[in-house]
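Before any comments, here is the structure.
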Amino acid sequence: MPPATTAGDTRFATARQVADAVLFEGYVLYPYRASAAKNRLRWQFGVLVPPAWAPRHEEHSFQQTELLMEPRGAAALALELRFLHAQRRTVQRLRSDGSFTATDELHLEDRVLVPWDEGTEERVVHEVPVAELCGAGIVLPFSRPAREDTEEVVDADGRTVGRLVRRTERVSGLVRLRATELDGPYRVLRLTAVVENTSPWTPEGEGDARESALPRSLVAAHLLLGLDAGSFLSMTDPPEWARAAVAGCVNLRTWPVLAGDGGRADVVLSSPIILEDHPAIAPESAGAMYDALEIDEILTLRTAVLTDREKREARGTDPRAAAVIDLAESMPPEVLERLHGAVRALREVTGEGPPEIRDLPPEIREVPSEEAVFRPDAPWWDPARPDALDPVPDRITIDGVAVGVGSRVLLRPGLRPTDAQDLFLRDRPALVEAVLHDVDGGVHLAVTVEGDPGADIRREQGRFLYFQPDEVAPLEDA
Numbered sequence: 001m002p003p004a005t006t007a008g009d010t011r012f013a014t015a016r017q018v019a020d021a022v023l024f025e026g027y028v029l030y031p032y033r034a035s036a037a038k039n040r041l042r043w044q045f046g047v048l049v050p051p052a053w054a055p056r057h058e059e060h061s062f063q064q065t066e067l068l069m070e071p072r073g074a075a076a077l078a079l080e081l082r083f084l085h086a087q088r089r090t091v092q093r094l095r096s097d098g099s100f101t102a103t104d105e106l107h108l109e110d111r112v113l114v115p116w117d118e119g120t121e122e123r124v125v126h127e128v129p130v131a132e133l134c135g136a137g138i139v140l141p142f143s144r145p146a147r148e149d150t151e152e153v154v155d156a157d158g159r160t161v162g163r164l165v166r167r168t169e170r171v172s173g174l175v176r177l178r179a180t181e182l183d184g185p186y187r188v189l190r191l192t193a194v195v196e197n198t199s200p201w202t203p204e205g206e207g208d209a210r211e212s213a214l215p216r217s218l219v220a221a222h223l224l225l226g227l228d229a230g231s232f233l234s235m236t237d238p239p240e241w242a243r244a245a246v247a248g249c250v251n252l253r254t255w256p257v258l259a260g261d262g263g264r265a266d267v268v269l270s271s272p273i274i275l276e277d278h279p280a281i282a283p284e285s286a287g288a289m290y291d292a293l294e295i296d297e298i299l300t301l302r303t304a305v306l307t308d309r310e311k312r313e314a315r316g317t318d319p320r321a322a323a324v325i326d327l328a329e330s331m332p333p334e335v336l337e338r339l340h341g342a343v344r345a346l347r348e349v350t351g352e353g354p355p356e357i358r359d360l361p362p363e364i365r366e367v368p369s370e371e372a373v374f375r376p377d378a379p380w381w382d383p384a385r386p387d388a389l390d391p392v393p394d395r396i397t398i399d400g401v402a403v404g405v406g407s408r409v410l411l412r413p414g415l416r417p418t419d420a421q422d423l424f425l426r427d428r429p430a431l432v433e434a435v436l437h438d439v440d441g442g443v444h445l446a447v448t449v450e451g452d453p454g455a456d457i458r459r460e461q462g463r464f465l466y467f468q469p470d471e472v473a474p475l476e477d478a
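Heads up: the sequence shown begins at 1 in the working numbering, then just goes up one per residue.
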């Protein structure tokens, strides 16, 4: 198949900015050092492992995107599969006899080099006529070869002191594309796109660690799809006539959203992270921080106050981590100040605003005065209350069972509007780590999910998942 055209690349420009945040989400987290606990368990999103390894470890070798599109005439579909290919970097020190030996650390004036798994960006690009997708569809195989590269390491005086050896394993996969025309008042096709890891690697034994599978995996795999004539339908807000057809689409380990420039519907980003239609990078963001679940201002300030030793190790961990350190150290005050909050919802009501704001009655359009703002007679927490400092119970009763630290519960979110990530944990057993009481009298259970390989790290850092008592059910041994 011919590669995508330059026009297709231009069409994906806006979506690719968001896709970059997806591709490198969690790539290296603050404090950006390989030795940090949170950087020991990596590659959490969109990992497609070799098929021989997947069933033994509850991971997956494929993902499926399914959505509706309305192509016009002889439309063509542009496709761009993007993923990270993990490459293992080892550090070797130069010995006095001229040979090299492996080492855990190689100290230089500006950085400390350590072993690390780097991620190289890979792209699989195609453009195919939509007509060829009907019927049996098409299969687009791809592969990336194994290779080994060596980089010389020199000190401040230009003398060779060691080298970096990067080894990349062979990885192969395929993309299956198929379109099915649906019955209805308009010409609508259901597009099914499956990305599959077909690497033939087989683990040597049951104890083979995940680190052995990762170099043969498609990490953070996601798709960019574009129509040169026609549009896609929103999966979260489809027109009324298409709701039943949208509900019938099956998306596995990925979620497609409209991502065209200027609100257009001719481009879709199918991501392993749930997004809303037309996601965008905040214009205040000065650069990639590789942790979109945090706030740029906080990360920048905390990075700037790392010790010199910590910064040297971060610079030696990965070139992308080094760029974050340089960004934090060189950011001008006016750029840093711009990170301090942005209330986008109020921008429409400043000045004249759009017609729907200008046409409102003055009493609605104007900002209320200080006297018009409601304020309660008492603070939300009153220290003068006689029971304000009473000790809170460390166990609560749920369905007649006393639940406290160490109790096992079954997670049952969904009784009220909740985070989509919580819904994925429904019917999963969890361990109660703490019973917390807020000043309004509410009770919250801090839990870790059983079988979570990062539970020890969560416990060490105090970063738990939180549920209310009516969102859990005690297990028999509670």
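Just so it is clear, CB atoms sit at the ideal spot from N, CA and C, and this is done for glycine as well.
Going by alpha carbons, who is nearest to residue i out of the options?
i    : options                   : result
P453 : Q44, G26 and A21          : Q44
T120 : L41, V219 and E80         : V219
P469 : G451, P238, D399 and Q461 : D399
A288 : R320, L84, A473 and L189  : R320
L164 : E471, D149, S231 and A136 : D149
L84  : L94, R170, P203 and V405  : R170
I138 : R144, H107, V175 and R123 : V175
D326 : S172, P333, L336 and R315 : R315
A473 : R111, D456, A402 and Q461 : A402
S407 : L425, P429, D422 and L189 : P429
L108 : Y30, R309, E476 and L336  : R309
L140 : G98, C134 and E127        : E127
A434 : L415, D440 and D394       : D394
V49  : A213, D261, V124 and R178 : A213
With 16 as the cutoff for other CB atoms within 10 Å, does residue i come out buried or exposed?
i    : result
R82  : buried
G226 : buried
M331 : buried
A193 : buried
T160 : exposed
R111 : buried
S217 : buried
H340 : exposed
I274 : exposed
I364 : A caution first: I364 carries a pLDDT of 44, below 50, which makes its placement in the model too unreliable to give a value.
Q17  : exposed
G442 : exposed
F46  : The amino acid at residue 46 is misidentified as Phe; the sequence shows Gly. G46 comes out buried.
R33  : buried
L445 : buried
A244 : exposed
F374 : Any reading at F374 needs caution, since the residue's pLDDT is 48, under 50, leaving its predicted position unreliable; the model's value is listed next. Burial call: exposed.
P145 : exposed
D104 : exposed
E471 : buried
D157 : exposed
P129 : exposed
A19  : buried
Pull the bridge partners of residue i from the DSSP assignment, please.
i    : result
S270 : L223 and P256
G119 : A86
R190 : L68 and T180
F467 : L445
L23  : Answer is none; L23 lacks a bridge partner.
E80  : V125 and L224
E196 : F62 and L174
L94  : F100
Please confirm if the region 53-61 is in contact with the region 180-190, defined as three or more CB-CB distances below 8 Å between the two stretches. no
Could you tell me whether the region 144-154 touches the region 30-49, using the rule of 3 or more Cβ pairs below 8 Å? no
Can we say the region 105-123 touches the region 70-90, given the rule of at least three CB pairs closer than 8 Å? yes
Determine, using beta-carbon pairs with one atom in the region 277-284 and one in the region 299-307, whether at least three such pairs fall under 8 Å. no
Residue ranges of each beta strand (DSSP E) within the region 304-333, 3 or longer: none
In chain order, which beta strand (DSSP E) runs of at least 3 residues are fully inside the region 410-452? 429-437 and 443-449
Quick one: any contact between the region 249-264 and the region 223-237, if contact means 3 or more CB pairs under 8 Å? yes
What are the start and end residues of each continuous alpha helix (DSSP H) run of 4 or more residues lying completely inside the region 101-168, in chain order? none
Contact between the region 451-466 and the region 421-435 is defined here as three or more beta-carbon pairs at a separation below 8 Å; is this criterion met? yes
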